[in-house]
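Each remark here refers to the structure printed beneath this line.
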Amino acid sequence: MKFSLSSVLLFALATESTVASSWFGGATKAAYNKWHETELERWLSDNNVPYPTPADRKDLENLVKNNWNEKVATPYKDWDTPQLQSYLKSKGVDSKKAADTNKNSLLNSVKSYWTDGADSASESYHSVKDWIFDSWTDSQLKSFLDKNDIPAPQPRKRDTMIAAARSNYESIAKKLGQSFHYPGDWLYETWSESDLKEFLDERGVPVPQPSTRDKLIASVRRNSRLASTNLKDTAASASKSAQAAKESLGDALLDSWSDSQIKEWADKNGIKVPQGSKRNELLALARKHRSALTGDNVASSVSSAFGAATTKANNQFAQATDDVQLKGEDAFNQAVGTWSDSRLKAFLDARGVPVPQGGKKDELIKQVRLNKHKASTGWSAWTFDTWTVDNLKKYLSSSNDKAVQKAASKAGATRDDLLKQAQDSYSSASKSGGSNYASVTSYLAASTDAVKESTFDTWSDSELKSYLDSYGVKNYQGSNTNELKAMARRNAQYFRHGTNTPGAGIFASLQNGAQWVLDQLKIGAASGRKEAEYQGQKGADHVKEAGTAATNRAGEAGQKASDQVKEEL
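Mapped onto mature numbering (1 follows the signal peptide of the UniProt record, and there is no 0), the consecutive letters of the sequence shown carry residue numbers -20 to -1, 1 to 549.
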C-alpha cells in the first residue's frame, strides 16, 4: 500500500479530531448509545465478543459497554507477540528490547509507551469521519470519491480529498441506506483484498485466518483509529526533531559569526539591516531569516515534508521515503528468487492463485512477485509448516482417524514425518468434507494463536536446517542456532505475509523521511560553514577563528540533533 509520505505527514500533522460531544464532559451518553443494532453487532463481531442471536438492543449495548474499555482504550492486551514487538519498533524502542519474546514483558513495555487515554479513545467514536480516512492512500481516497460521484476537488491534493470525503461521508451513507456511526463494509467497497491485507501487514496486525474479505475489513476497521493515532504521533515527533535540528544548527553558526559577517551575509541575501543595529538586533534579524542560513532547499523541503502536500512524482522527499519500501520489496524479490519450485507453488496455492501448469521457475517467481500482497485464502496443508513437534503430535492425536492417532505416538518419528502426516490428514479431510473437516478446522481455529507464539523457539538445529532445505536455502553452513532461527523466521514471514517485517513499512518510512530532512539540514549547515569561512578569509585573524569555531560548533550541533532524532524516533 504505497503512500506519498509527504502527503501522509501532512494529514498526520494537520488532522485534529473535532468532536462535538465530550465523553466525560458536557455529554452524558457514550458514543455507542446512539448506534443502530446492526452497528452494535458489527462492533461486537469485529472485536470477537460473542453475542446472542436474536438479542434486543439493550442486551447488545450492555455487551459493548462491558467490553468497551478493554477493546478501545487498551486493545494491546489482546495482541500477540509479533504485534506487540511491531508496536514497540514503531515507537523507536531498542531493537533488543523489542525482540523480547516474553509476552508479559512486552505488554509492560507497550503499556509504558501507550499514550492514548480512555477518554480520548472513547470520545473519538462520536465522530468517526474525523479519523477514518487518515490511513487511506491517495488512490483509495480518489476511488472512494469517484465511486460515490463526489466532484474531484481542485487541486486534487491529499488534504482536499480527505476534506471532501469527510464532508460527504454522512450523505453518502444515507444515500446508500447505510449506517455511519460505526460503518459497515460499504466504506471499503473500492478496496481490493490486497489493499486490506497490505494495510494490516504494514502495521504488524495479524491477517485473520482463515482470511475472507469480511474478516479482513473487520480487522482494518478495528485498527483504523490506532493507525491514525500512531501515524500522527510519529509524524509530530519527526517534525519536532527536524525543527529542533534546524534551529540548533542555525544558532551554532550565528553565535560564532562577527557583526560584520552577519551584515555581509544579510546583504548578500537581500535582507535590509537598519543602521546602528546592535549585535542582539543583528542576531534576531538573522534568526528571523534563518532559512537562508541553512540552505535554500531546506525550508521548502521541511515545508513539503511536514506541512504541505505535494503531487510531484520526482519530489526528493518522496523519493527518499520510498527507499524503505523499495528496499523491502527488493529483499523479498531476492529471497523468493532462491526458493524451491515446491515453495513457490505452495505460496501461490495458499492464496488461491492458479499455479502455471508445467511452468518454469521464472514463471513461478514472476507470479509470486505479482501476488506478494495477496491475502492467503484460509487453512491449507501449509498451515502446519511452522508447527513444532509437540503441536503436530497434539493435532494428530485429536484426529478421529485411528491410523492418524497412531502416527502421533510412533517412536522415533521426526518433525518431517509428523508434518507430512498432518498435511496428508488435512488434505484428506478437506477433500471428504463433512464432520471430519469441520473438526479439523475447529481445531486449527482454536490452536493457531498458541502455535505462532513460539515459532521456531524450541526447534533443534537439524529441524531448522530441514525447514530451510524446503525453501532451497543452502547458505546456512557454519550458522549458529540463533542465525538459523533468524533465517527460518525471515523465510516463514515472507511465505505467510509476502513481506519481511509487517508493521515496519509506514513507520520506518516516516523515520527515514525525518532522517532525510536532517541530512538536508546538515548540507545546509555545511553551506553556512563555507560562507563563514569565506567571510573569514576577508577579515582579520579573529574572524578566521570565528569561522573555525562555526565549523566545530555546527558539527557538534548537527550530531546532537541527529542523536535527538534517533532517540525520539
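Built from N, CA and C at the ideal position, the CB exists for glycine as well.
If you draw a straight line from the Cα of K374 to the Cα of Y423, it is about 10 Å long. Assigned with DSSP and collapsed to three states, R136 falls in coil, not helix or strand. Counting C-beta pairs with one atom in each stretch, the segment 172 to 188 and the segment 53 to 72 have three or more that are closer than 8 Å, which means they touch.
The alpha-carbon of L167 is positioned some 43 Å away from that of Q401. Looking only at K325, I242, R349, L324, the smallest Cα-Cα distance to N313 is reached by R349. A distance below 8 Å separates the beta carbons of R205 and W111. Counting only the Cα atoms, L121 lies some 50 Å from K243.
As the crow flies, the alpha-carbon of S66 is around 19 Å from that of H353. Secondary structure of R193 (DSSP, three-state): helix. In this structure, the straight-line span from the alpha carbon of Y406 to that of S360 is close to 8 Å. Under a 10 Å Cβ-count criterion, D114 is classified as buried, with 16 or more other Cβ atoms of the shown protein chains found around its own Cβ. Leaving aside the five residues that flank K195 on each side, the residues in its chain whose CB is nearer than 6 Å to its CB run, in chain order, P188. Linking S92 to L68 through their CA atoms gives a straight-line distance of about 10 Å.
Going by beta carbons, S102 and A35 fall outside the 8 Å limit.
Put simply, the backbone Cα of L86 is about 16 Å away from that of T95. Using a 10 angstroms sphere on the CB of G338, the tally of other CB atoms stays under 16, which defines it as exposed. Boundaries for K352: no alpha helix (DSSP H) harbours it, and the DSSP string shows neither H nor E there. Sequence-distant partners of A207 (beyond 5 residues in either direction) whose C-beta falls short of 6 Å from its own C-beta, in its chain, are S115, R183. By the neighbour-count criterion, in which a residue is buried when 16 or more other Cβ atoms sit within 10 angstroms of its Cβ, D175 is buried. Rounded to whole angstroms, G458 and R395 show a C-alpha spacing of 22 Å. Here T18 carries a helix assignment [DSSP, helix/strand/coil]. In the three-state reduction of the DSSP assignment, H161 falls in the coil class, being assigned neither a helical nor a strand state. DSSP, read as helix, strand or coil, puts Q65 in helix. CA-CA distance, L328 to D99, rounds to 45 Å. Counting of Cβ neighbours within 10 angstroms places D365 among the buried residues, the total reaching 16 or more.
Going by C-alpha positions, N47 is about 8 Å away from V29. When C-alpha distances from Y451 are compared across A132, Y105, A326, the shortest belongs to A326. About 15 Å separates the CB atoms of N49 and R202; that is not less than 8 Å, and the two are not in contact. Annotation: K258 to K268 spans about 15 Å, alpha carbon to alpha carbon.
Around W15, the same chain offers H161, Y162 as residues with beta carbons nearer than 7 Å, after the five sequence neighbours per side are excluded. In this structure, the straight-line span from the alpha carbon of K252 to that of A246 is close to 7 Å.
If the five residues before and after Y149 are omitted, its C-beta is found closer than 7 Å to the C-beta atoms of K109, F160, all from its own chain and listed in chain order. Note that the C-beta distance between N380 and S410 is not below 8 Å.
Assigned with DSSP and collapsed to three states, H269 falls in coil, not helix or strand. Straight-line measurement puts the Cα of D321 at about 20 Å from the Cα of E443.
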